[in-house]
Every structure is written in structure tokens, then in C-alpha cells.
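Asker:
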Amino acid sequence: MHLRHEHAVLDIPTLERFIRDNPLGLFTTSIPHPEHATLQISHIPFILDHADPESSSAGRLRGHIARANPQSKSILDLVRSIGRDELDEEVLIIFNAPVNGYVTPRFYTSTKPTSGKVVPTWDYAAVQVYGKLKVHQASTRESDEFIHQQMLDLNAWGEDTVPGDKWKLSDAPEQYLALRRKAVIGIEIQVTRMEGRFKLSQEREDGDWHGVVEGFKSLGTVQGDRLASMIAGCGKERTINS
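So the sequence shown is numbered by numbering that gives the first Met the number 0: it starts at 0 and just counts up by one.
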């Protein structure tokens, strides 16, 4: 990720909060395989365990992926070939904000009228996480418990986002849940580093920045309003006229 200094976000609590708010990650591996693509990506919702301030750990991501997924097959074949459940190479997970958008030069109320030296761009926010992967295959009690706990935690997080009575994992038959656990592999990633780029017009002078916020508001769309709010929040030290 190109981290222009105006957009770079390296504060761990900020990055962790972003991941918890946007848990659907693009789980990316690079594993040479005779039958499957070397580069593979799967959309996986992750649970983030907080970094331990008393250790060098940068936190942990937990998820699961279908055993039938070609990416799982590449991972499991590699695990069998090296004789252990932990991979040497780093994996990459990308988390994106739910909205992004094209920034027209028409939004720039200062620079466009004076010099015309403006071009379109795109505003977005994303976090990249690198880490070491450990695989849980549900063939041992430890792995089965890992997958079960990860499903419990993901269920609890998801139900908190939906109004009404909560559905619990225990509402499903245990025999059925056991079969579901066998149909997936657990993904445990010890984070080695994370970095974010919140490209939200911070580099623009005040007039242009205000123009971008108001420009997205003027679209009259849910996405435009959410993006305007993200940009305003990122530049909260500036004054917004309501």
C-alpha cells in the first residue's frame, strides 16, 4: 500500500477500531499449487483479538473458510507437505470501508476557479494486515474448540448488529453444528504488522475540502451522505458549516 503521509494511519487502536467496524476481510494467500491459482482471495469475516500491550504481539485475527474452497485445498496441501499447521510465509488481509467514491474537480471550490489545476481522484479508506497463519482442521479437540469459539464470537458480534431477539449458535442442533465445523478449517493469524490509508481529501486546502464534503452531501444518496460523514470525521479539526 502506498502510504502518502497525509493519508497514512498507523495508530493501532484506530486500525483495530476500523477492522471491528468493517470485519469482512479479503484473505489473500500466495501458494504455488499444480491445480489451483497461486494467488487466491476469499471474503472472510474476522474476529480481532486486541493486541496485548505487555507483549510484542500485534493482535490476532480469527476466521474460518470452507474446506471445499480451492484456497483451503492449497493451504491444506501445503500444511501436509511441510508437516506442521503454521505457514512460514506471511498472509495478507485487506479491510475496506463500506463506501468510497469518485471526486469530481467540480467539488473543488477554491483551486478549480482560481488555477484550474485539478484532476479527478477517488476517496476511500482501507487497512492492510500482515501476519503468520496457523490452520485449525477440526481433527483435534484443540482445533474443534478453536472453530467453535470463533463461530460463537462471530455469531455474537453479528447478532448485536441486528435488532430484535438474538439467535444463538446453540439454537441449532449440536449434531448439525459438528458437521458444519468439519466442513471448514479455522484460520488463526498472528498479526505482524498493520497499516491503513484513509484517503479522504485531507491534503486539500480548506475551501476544496469543504467543497468535497458538501459535494458528496449534494448527491442526495445514502452512499454520498456516508462518504461525506467519513471525510468530515477524518478532518474533524476543520469547521463544518451545518
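Even for Gly, the Cβ is constructed at its ideal location relative to N, Cα and C.
Contact defined as beta carbons within less than 8 angstroms: I believe G185 pairs with H135. What is the distance between those atoms, to the nearest angstrom?
Answerer: In the sequence shown, counting from the first residue as 1, residue 185 sits at position 186. In the sequence shown, counting from the first residue as 1, residue 135 sits at position 136. So it is a contact: roughly 3 angstroms between Cβ atoms.
Asker: Express the C-alpha separation of G100 and I40 in angstroms, rounding to a whole number.
Answerer: What you label residue 40 is simply residue 41 of the sequence shown in a count that begins at 1. What you label residue 100 is simply residue 101 of the sequence shown in a count that begins at 1. About 23 angstroms.
Asker: Among E5, R180, I92, which has the Cα closest to the Cα of C233?
Answerer: For the purposes of this step, residue 233 is taken as residue 234 along the sequence shown, with counting starting at 1. Of the candidates E5, R180, I92, the one whose C-alpha sits nearest the C-alpha of C233 is E5.
Asker: When DSSP labels each residue in this structure, what does R140 get in the three-state scheme?
Answerer: As a working note, residue 140 is residue 141 in the sequence shown. Helix, per DSSP.
Asker: Just how far apart, CA to CA, sit D207 and E213?
Answerer: To locate residue 207, count along the sequence shown from 1; it is residue 208. To locate residue 213, count along the sequence shown from 1; it is residue 214. Distance between the alpha carbons of D207 and E213: 10 angstroms.
Asker: Which residue spans inside the region 15-88 form an unbroken beta strand (DSSP E) run of at least 3?
Answerer: Segments of the beta strand (DSSP E) lying fully in the region 15-88: 23-29, 38-44, 46-48, 59-65.
Asker: Using beta-carbon positions only, say whether I74 and L25 come within less than 8 angstroms of one another.
Answerer: Counting from one through the sequence shown, the residue named residue 74 turns up at place 75. Counting from one through the sequence shown, the residue named residue 25 turns up at place 26. No, the Cβ-Cβ distance between I74 and L25 is not below 8 angstroms.
Asker: For G130, which three-state DSSP category applies?
Answerer: Walking along the sequence shown from the start, residue 130 turns up at place 131. Looking at G130 - three-state DSSP - the assignment turns out to be strand.
Asker: What are the start and end residues of the beta strand (DSSP E) that includes T220?
Answerer: Here residue 220 refers to the residue found at position 221 of the sequence shown. Segment: none, T220 is in no beta strand (DSSP E) and carries neither H nor E.
Asker: Among the candidates Q189, S228, I81, whose CA atom is the shortest distance from the CA of I30?
Answerer: In the sequence shown, counting from the first residue as 1, residue 30 sits at position 31. Nearest C-alpha to I30: I81.
Asker: Keeping to the same chain, check which residues put their C-beta closer than 7 angstroms to that of R180; ignore five residues upstream and five downstream.
Answerer: On the sequence shown, residue 180 is found 181 positions in, with the first residue counted as 1. A137, D143, I146, H147, listed in sequence order.
Asker: May I ask you to verify whether the region 60-67 touches the region 164-173, counting CB pairs closer than 8 angstroms and requiring at least 3?
Answerer: These segments do not touch.
Asker: Where does D122 fall in DSSP's three states?
Answerer: Residue 122 sits at position 123 when you count from the first residue of the sequence shown. D122: strand per DSSP, three-state reduction.
Asker: Could you give the DSSP three-state label for R3: helix, strand or coil?
Answerer: In the sequence shown, counting from the first residue as 1, residue 3 sits at position 4. Looking at R3 - three-state DSSP - the assignment turns out to be coil, as it is neither helix nor strand.
Asker: Grab the span of the alpha helix (DSSP H) containing R203 for me, first residue to last.
Answerer: Translated into the one-based positions of the sequence shown, residue 203 becomes position 204. Where R203 is concerned, there is no enclosing alpha helix (DSSP H), given that its DSSP letter is neither H nor E.
Asker: Just to confirm before moving on: does the CB-CB distance between G195 and L14 stay below 8 angstroms?
Answerer: For this step, residue 195 is matched to residue 196 along the sequence shown. For this step, residue 14 is matched to residue 15 along the sequence shown. The answer is yes: Cβ separation under 8 angstroms.
Asker: What does a CB cutoff of less than 6 angstroms around F242 pick up in its chain, not counting 5 residues either side in sequence?
Answerer: Because the chain in this structure spans residues 0 to 241, residue 242 falls outside the shown range and cannot be described.
Asker: Please return the same chain residues whose Cβ sits closer than 7 angstroms to the Cβ of A227, not counting the five positions on each side in sequence.
Answerer: Mapped onto the sequence shown, residue 227 falls at position 228. Answer for A227: V212, F215, K216, listed in chain order.
Asker: For W209, does the count of other Cβ atoms within 10 angstroms reach 16, so buried, or fall short, so exposed?
Answerer: By 1-based counting over the sequence shown, the position of residue 209 is 210. In the sequence as displayed, the identity of residue 209 is His instead of Trp. Buried: at least 16 other Cβ atoms inside 10 Å.
Asker: Distance check for D84 and Y175, CA to CA, integer angstroms please.
Answerer: On the sequence shown, residue 175 is found 176 positions in, with the first residue counted as 1. On the sequence shown, residue 84 is found 85 positions in, with the first residue counted as 1. Near 26 angstroms, if we compare the C-alpha coordinates of D84 and Y175.
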